[in-house]
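Chains as they are written, first to last, in the numbering used here: chain A, 54 to 165; chain B, 1400 to 1509.
Structure first, commentary second.
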Amino acid sequence: KAGVTQTPRYLIKTRGQQVTLSCSPISGHRSVSWYQQTPGQGLQFLFEYFSETQRNKGNFPGRFSGRQFSNSRSEMNVSTLELGDSALYLCASSPTGLYGYTFGSGTRLTVV
Amino acid sequence: GESVGLHLPTLSVQEGDNSIINCAYSNSASDYFIWYKQESGKGPQFIIDIRSNMDKRQGQRVTVLLNKTVKHLSLQIAATQPGDSAVYFCAATSGSRLTFGEGTQLTVNP
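So this is what it looks like as structure tokens:
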């Protein structure tokens, strides 16, 4: 079966711009969570959505937001980009959000 | 809050040796633990998981050991191969959130 698909794979944006990343989960998975990976901070939890509702949120500023659609696809948005937002953004899908997390290949965001 | 740590940032082994990667977690309420492998340019790849009601689980060439008393888990890789070279992360759940350790870079020397 198809895995977790993240688009785009690479993105270059300028400070102050906003960006939207997309994640298509494994068919049948209702939970999608997002993580930021940087060399300095490692993998940090952003938020998790289940059945179109944000169920869990990490310690990131309000510039980071997300949503989930009725088909379980999810998007995350970062507004007013800062240089420090440069990172690999990963999404993981899970049947229920409590086990069986499968990660996508990530979107590499570079802010210049 | 929850924290998950690994004891060594790097580990170098000879091909054919067994590898052991360690991890400590802080939240005694964590009930599900996962080991991931991440190769350059890719997302984390599931290796093996274990629930808190178990203390050992085996997969193909991999074994995870969980010691809840000292909040420690380890990943053992048997007969390590060059293709095992990657960064290994442990993760612990807290509800629907995964908390990751910092990662161990495993290098397998031929």
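Virtual Cβ for every residue (Gly too), placed ideally from N, Cα, C.
Identify, in the order they occur along the chain, each residue of the same chain with its Cβ nearer than 6 Å to the Cβ of residue i, setting aside the five sequence neighbours on each side.
{"i": "Ala145/A", "result": "Ser86, Tyr154, Phe156"}
{"i": "Ile1449/B", "result": "Phe1432, Arg1456, Val1463, Leu1465"}
{"i": "Ala1491/B", "result": "Val1403, Tyr1424, Ser1429, Phe1432, Thr1498"}
Run the CB neighbour count on residue i, radius 10 Å, all protein chains shown included, and call it buried at 16 or more, exposed below.
{"i": "Thr122/A", "result": "A small fix is needed here, since residue 122/A is Phe in this sequence, not Thr. The residue in question, Phe122/A, is exposed, as its Cβ has fewer than 16 Cβ neighbours within 10 Å."}
{"i": "Ala140/A", "result": "buried"}
{"i": "Ala1485/B", "result": "buried"}
{"i": "Leu1407/B", "result": "exposed"}
{"i": "Asp1454/B", "result": "exposed"}
{"i": "Leu1505/B", "result": "buried"}
{"i": "Ala1428/B", "result": "exposed"}
{"i": "Gly1458/B", "result": "exposed"}
Whole angstroms are fine: how far does the CA of residue j sit from the CA of residue i?
{"i": "Val1403/B", "j": "Cys1489/B", "result": "8 Å"}
{"i": "Arg108/A", "j": "Asp1416/B", "result": "43 Å"}
{"i": "Leu96/A", "j": "Pro1443/B", "result": "10 Å"}
{"i": "Ser1418/B", "j": "Asn1508/B", "result": "12 Å"}
{"i": "Thr1479/B", "j": "Glu1414/B", "result": "5 Å"}
{"i": "Lys1467/B", "j": "His82/A", "result": "30 Å"}
{"i": "Ser1411/B", "j": "Thr106/A", "result": "44 Å"}
{"i": "Val1461/B", "j": "Tyr1435/B", "result": "12 Å"}
{"i": "Tyr1487/B", "j": "Asn124/A", "result": "32 Å"}
{"i": "Ser1439/B", "j": "Ser84/A", "result": "26 Å"}
{"i": "Thr58/A", "j": "Glu128/A", "result": "12 Å"}
{"i": "Val1469/B", "j": "Asn112/A", "result": "27 Å"}
{"i": "Leu64/A", "j": "Gln1437/B", "result": "21 Å"}
With a threshold of 8 Å on Cβ separation, who are the neighbours of residue i within its own chain once the five nearest residues in sequence on each side are excluded?
{"i": "Thr67/A", "result": "Leu134, Val164, Val165"}
{"i": "Gln90/A", "result": "Leu96, Gln97, Ala140, Leu141, Tyr142, Leu143, Gly159"}
{"i": "Gly56/A", "result": "Ile79, Thr155, Gly157"}
{"i": "Gly119/A", "result": "Trp87, Leu99, Phe100, Tyr102, Gln107, Ser127, Glu128, Met129, Asn130"}
Where does residue i fall in DSSP's three states?
{"i": "Asp1483/B", "result": "helix"}
{"i": "Gly93/A", "result": "coil"}
{"i": "Gly111/A", "result": "coil"}
{"i": "Asp138/A", "result": "helix"}
Under 7 Å Cβ to Cβ from residue i, same chain only, skipping five residues before and after it: list those, please.
{"i": "Pro61/A", "result": "Thr160"}
{"i": "Val131/A", "result": "Gln71, Val72, Arg116, Phe117, Asp138"}
Query raised in the report: Using 8 Å as the Cβ pair cut-off and three pairs as the minimum, do the segment 91 to 103 of chain A and the segment 56 to 75 of chain A touch?
Result: no
**Report entry** Inter-stretch contact (C-beta, 8 Å, three-pair minimum) for the segment 1493 to 1500 of chain B and the segment 1467 to 1476 of chain B
**Finding:** no
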